[in-house]
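Worksheet: one structure, shown below.
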Amino acid sequence: MKKKLLLSALTLSAITPTLTFAHGALSYPESRQMYCMNSTSWDGGNDPVCKAIAAAGAQAVWTDWSGVAQGDANARFKNPQTANILESHAAAASSSGVCSGANSKYSILDDASIDWQAHATKINIQDQKDMKYSVTAPHKTAYDLGFGKGYLALYITDNSWKPGQEVTKANLVHLCTYEPSADGNSPMQTGIDGKVESFKCEIPNTVSNGPHVIYSIWQRSDSAEAFYSCSDIDIINSQPVEINWNKYLEMPMYVLNIGDKVLFSANIDGKSVSKSIEITEENKNDWQYDLAEKINSSSDIVQAGKLNSKNKIEPQHNNENIIYINSQESAKVSDITFKHEEGQQPEPEHYDFAPIAAMNKSSNVIYDIPSLKVGDKLVFRLFNKLDCILKVLN
Numbered sequence: 014m015k016k017k018l019l020l021s022a023l024t025l026s027a028i029t030p031t032l033t034f035a036h037g038a039l040s041y042p043e044s045r046q047m048y049c050m051n052s053t054s055w056d057g058g059n060d061p062v063c064k065a066i067a068a069a070g071a072q073a074v075w076t077d078w079s080g081v082a083q084g085d086a087n088a089r090f091k092n093p094q095t096a097n098i099l100e101s102h103a104a105a106a107s108s109s110g111v112c113s114g115a116n117s118k119y120s121i122l123d124d125a126s127i128d129w130q131a132h133a134t135k136i137n138i139q140d141q142k143d144m145k146y147s148v149t150a151p152h153k154t155a156y157d158l159g160f161g162k163g164y165l166a167l168y169i170t171d172n173s174w175k176p177g178q179e180v181t182k183a184n185l186v187h188l189c190t191y192e193p194s195a196d197g198n199s200p201m202q203t204g205i206d207g208k209v210e211s212f213k214c215e216i217p218n219t220v221s222n223g224p225h226v227i228y229s230i231w232q233r234s235d236s237a238e239a240f241y242s243c244s245d246i247d248i249i250n251s252q253p254v255e256i257n258w259n260k261y262l263e264m265p266m267y268v269l270n271i272g273d274k275v276l277f278s279a280n281i282d283g284k285s286v287s288k289s290i291e292i293t294e295e296n297k298n299d300w301q302y303d304l305a306e307k308i309n310s311s312s313d314i315v316q317a318g319k320l321n322s323k324n325k326i327e328p329q330h331n332n333e334n335i336i337y338i339n340s341q342e343s344a345k346v347s348d349i350t351f352k353h354e355e356g357q358q359p360e361p362e363h364y365d366f367a368p369i370a371a372m373n374k375s376s377n378v379i380y381d382i383p384s385l386k387v388g389d390k391l392v393f394r395l396f397n398k399l400d401c402i403l404k405v406l407n
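The opening position of the sequence shown corresponds to residue 14 in our numbering, with each subsequent residue numbered one higher.
In structure tokens:
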């Protein structure tokens, strides 16, 4: 049986670099690589987009949705607002499709024969929501570490682009360049608020109604690495109608363990929508907020959170979130369910306890355990008998 010495492991980690991997994609409007990550079986189920991806054996698109990247993009700038960003990401954004980031593992994302618009997010030019970017690991983006600053840059297809065509850099028009908080305190840089960065990036009314694609670039400042995604959208331009939100149900409370999942599913406007959240040490007391963010990114008809004074639904950190349905669209909603799925729990550890002969109190050195190695963990069991305690300490 392997022994572990926790103190030595901690000491080693203090002097050894830790490798972490930052990944991300635009989550509102939802990116192509995210369409199937929660809502289908391995063979694609009944969803035509997911079935096409599965038929090509490209399920890595949804299992590694946040990994569409170029490791050496290195397009950091002193002033991203004035930089020619798209041209600087030449490895990912070439004359061929840009949605895969020029990565063969994700080439299916450039396949123009797939009906990507089946998952398009409807956006009203006159009633736009904040964009959202989700990361699986936060990293510094906003300030210069000596190589230039990072950013989020968004582009949209021009009015000549049509579904059935690849998205290339020749089709793209700049929308905005967003720099998160310069003090580093933002979701994509620290992991707060479910690692979902919200930011304003408005689509101008010069963009034609109908199908378009938004292309996103996340360039980190603490690495040369950059991440890419395409989001299919359907533009309308109409006077917004005041929504009457009806309470449908309160999000349930569960007794959860690390590794468990909570799943939301519904039929919305003829589409099966499923979202899930895995319980981690970080979100175990705030999982409702993270799941509500995912639900709200997937539909304008069904929203999760609490209704505010501006008639908007905002996810709450207090686990008092409610599912609301747009009353004007309620006939398009059915089968809303939540499910708790237990994760596989680790086997309890077994320890072989041995008596300690002596302890040097001044230096905290433990004797007679010569076989310990770096990475081992040391577990103490203290008998609740005063004479035993005094014998050990003396």
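The beta-carbon is built from N, C-alpha and C at its ideal position, and this holds for glycine as well.
Note that the structure is predicted; figures quoted are calculated from it, not measured.
Cβ shell of residue i (< 8 Å), same chain only, five flanking positions each side left out
i, result
"residue 345", "281, 282, 283 and 314"
"residue 295", "204"
"residue 271", "292, 293, 294, 297 and 356"
Cβ neighbour criterion (16 or more within 10 Å) applied to residue i
i, result
"residue 93", "buried"
"residue 198", "exposed"
"residue 254", "exposed"
"residue 50", "buried"
"residue 324", "exposed"
"residue 139", "exposed"
"residue 123", "buried"
"residue 196", "exposed"
"residue 301", "buried"
"residue 131", "exposed"
Opening and closing residue of the beta strand (DSSP E) in which residue i lies
i, result
"residue 299", "From DSSP, residue 299 is part of no beta strand (DSSP E); its letter is neither H nor E."
"residue 144", "144–148"
"residue 78", "Premise fails: residue 78 is in no beta strand (DSSP E) and is neither H nor E."
"residue 230", "223–232"
"residue 259", "258–263"
"residue 162", "Note, residue 162: premise wrong, no beta strand (DSSP E); not H, not E."
"residue 190", "185–191"
"residue 239", "239–249"
"residue 342", "Careful: residue 342 lies outside any beta strand (DSSP E) and carries neither H nor E."
"residue 319", "315–320"
"residue 290", "284–291"
"residue 175", "Unbroken run through residue 175: none, as it is neither H nor E."
"residue 56", "From DSSP, residue 56 is part of no beta strand (DSSP E); its letter is neither H nor E."
"residue 278", "274–281"
"residue 348", "346–354"
"residue 37", "37–41"
"residue 134", "134–137"
Integer Cβ distance of residue i from residue j, believed to fall under 8 Å
i, j, result
"residue 38", "residue 79", "6 Å"
"residue 408", "residue 82", "Given a span of 14 to 407 for the chain in the structure shown, any question on residue 408 remains unanswerable."
"residue 228", "residue 180", "6 Å"
"residue 40", "residue 47", "6 Å"
"residue 218", "residue 250", "6 Å"
"residue 127", "residue 62", "6 Å"
"residue 165", "residue 191", "4 Å"
"residue 234", "residue 89", "6 Å"
"residue 202", "residue 153", "6 Å"
"residue 135", "residue 247", "5 Å"
Chain-order list of residues whose beta-carbon lies under 7 Å from that of residue i (same chain, five-residue window excluded)
i, result
"residue 143", "211, 212 and 213"
"residue 273", "292, 353, 354, 355 and 356"
"residue 311", "43, 286 and 288"
"residue 71", "121"
"residue 170", "180, 184, 185, 225 and 226"
Sequence-distant residues of its chain with Cβ nearer than 6 Å to residue i (five each side left out)
i, result
"residue 318", "305, 326, 327, 328, 329 and 334"
"residue 119", "74, 81 and 113"
"residue 204", "151"
"residue 340", "257 and 259"
"residue 161", "89, 90 and 91"
"residue 84", "238"
"residue 15", "For residue 15, the predicted structure reports a pLDDT of 41, less than 50, and the residue's modelled location is therefore unreliable. The matter cannot be settled from this model."
Alpha-carbon to alpha-carbon, residue j and residue i
i, j, result
"residue 244", "residue 269", "33 Å"
"residue 57", "residue 148", "24 Å"
"residue 96", "residue 141", "26 Å"
"residue 223", "residue 99", "24 Å"
"residue 176", "residue 121", "15 Å"
"residue 77", "residue 331", "30 Å"
"residue 252", "residue 60", "32 Å"
"residue 102", "residue 86", "6 Å"
"residue 336", "residue 264", "7 Å"
"residue 276", "residue 290", "7 Å"
"residue 167", "residue 266", "37 Å"
"residue 12", "residue 308", "For the chain, the structure presents residues 14 to 407; residue 12 sits outside this window and is missing."
"residue 262", "residue 106", "44 Å"
"residue 351", "residue 108", "44 Å"
"residue 303", "residue 207", "5 Å"
"residue 133", "residue 156", "34 Å"
"residue 68", "residue 322", "47 Å"
Range of the contiguous alpha helix (DSSP H) that encloses residue i
i, result
"residue 95", "Here residue 95 belongs to no alpha helix (DSSP H), and DSSP marks it neither H nor E."
"residue 203", "200–203"
"residue 7", "The structure shown has nothing for residue 7, since the chain only spans 14 to 407."
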